[in-house]
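See structure below.
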Amino acid sequence: MEKKTSQVAEVIKFSLLSFMNLDWKAIHPLNSSQANAFEELRTQTGTTMNIVLDTNIIIAAMRSRRGASNLLLRLLGERDWQVNLSVPLLLEYEEVCKRIMPVLGVTDQAIEDFLDYFCTICKHRQIFYLWRPQLPDPDDDFLLELAVEAEADFIISFNKRDFPNVFRFGIQVLTPKEFLLLTGDLP
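Numbering (this note's numbering), first residue to last: 1069 to 1255.
So, in structure tokens, the structure goes:
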């Protein structure tokens, strides 16, 4: 059963390639200095870094194969990061992707294939409590609730100003570039 699940994940991964125009061969293993820096970071933050990805990261990754968001998505599943997902966040990913991506020629089926693959590499979290209101935009509160439930180290977002004072929950908000610089995946 596990082998079949792995094969399905590979098929979805390759359908994702055509969807996002990813060049998976461009991913190189960390060099020794990057590996040492990343290992030190993992030691400081625990064995696995828990992260939550804002929807704007998913959209940016789909729009450009050259940006840090795209690289971040390509590295998921290959690094010791645990991406966390909740039902509300998955529904937002789906709604926004299906609203924005068809204009770029992406089919609903390709979006569903991507989201299916994404679900296979994420840790699914149930939220049993609400921390609302905490953020200036009430539509972002569910991201914070997921991050708190997951004991996330980072929320990755381009809208850092939307998450003031989340440090009191032990969470940092970083852009994809800042996160990849921190992990040593960008020079």
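Glycine included, every Cβ here is placed at the ideal spot set by N, Cα and C.
### Message
Using the three-state DSSP reduction, which class does glutamine 1194 fall into: helix, strand or coil?
### Response
coil
### Backbone CA spacing between serine 1154 and proline 1255 [nearest angstrom]
32 Å
### Task
Just mark leucine 1090 as buried or exposed, buried being the case when its beta carbon has 16 or more other beta carbons within 10 Å.
Below a pLDDT of 50, predicted positions are generally treated as unreliable, and leucine 1090, at 38, falls in that range; the measurement from the model is reported next regardless. Result: buried.
### Task
Report the three-state DSSP secondary structure of phenylalanine 1226 (helix, strand or coil).
coil
### Query
Should the stretch 1138–1156 be regarded as contacting the stretch 1181–1193, the criterion being three or more beta carbon pairs within less than 8 Å?
yes
### Task
State the start and end residues of the unbroken alpha helix (DSSP H) segment that holds valine 1155.
1155–1168
### Task
Identify whether asparagine 1138 lies in helix, strand or coil by the three-state DSSP scheme.
helix
### Message
Please list the terminal residues of the continuous beta strand (DSSP E) segment that includes leucine 1242.
### Response
1240–1242
### Task
Out of Pro1232, Phe1231 and Phe1237, state which residue places its alpha-carbon closest to the alpha-carbon of alanine 1220.
Phe1237
### Message
With a threshold of 8 Å, are at least 3 pairs of Cβ atoms found where one atom belongs to the stretch 1127–1142 and the other to the stretch 1165–1172?
### Response
yes
### Query
Taking the alpha carbon of leucine 1158 as the point to measure from, which residue in Pro1170, Val1171, Leu1214 and Ala1136 has its own alpha carbon closest?
Leu1214
### Message
Excluding the 5 residues flanking leucine 1183 on each side, which residues of the same chain have their C-beta closer than 8 Å to its C-beta?
### Response
Leu1158, Tyr1161, Glu1162 and Cys1165
#### Entry: Environment of threonine 1123 [buried if 16+ CB atoms lie within 10 Å]
buried
### Task
Assign glutamine 1194 to one of two classes, buried (16 or more other C-beta atoms within 10 Å of its C-beta) or exposed (fewer than that).
exposed
### Message
On the criterion of 16 or more Cβ atoms from any shown chain inside 10 Å, does aspartate 1208 qualify as buried, or is it exposed?
### Response
buried
### Task
Could you spell out the range, first to last residue, of the alpha helix (DSSP H) harbouring asparagine 1124?
1123–1131
### Query
According to DSSP, which residues form a beta bridge with isoleucine 1119?
Val1151 and Phe1222
### Message
Taking 8 Å as the threshold (C-beta atoms), are leucine 1248 and alanine 1178 in contact?
### Response
no
### Task
With DSSP collapsed to three states, give me the class of aspartate 1253.
coil
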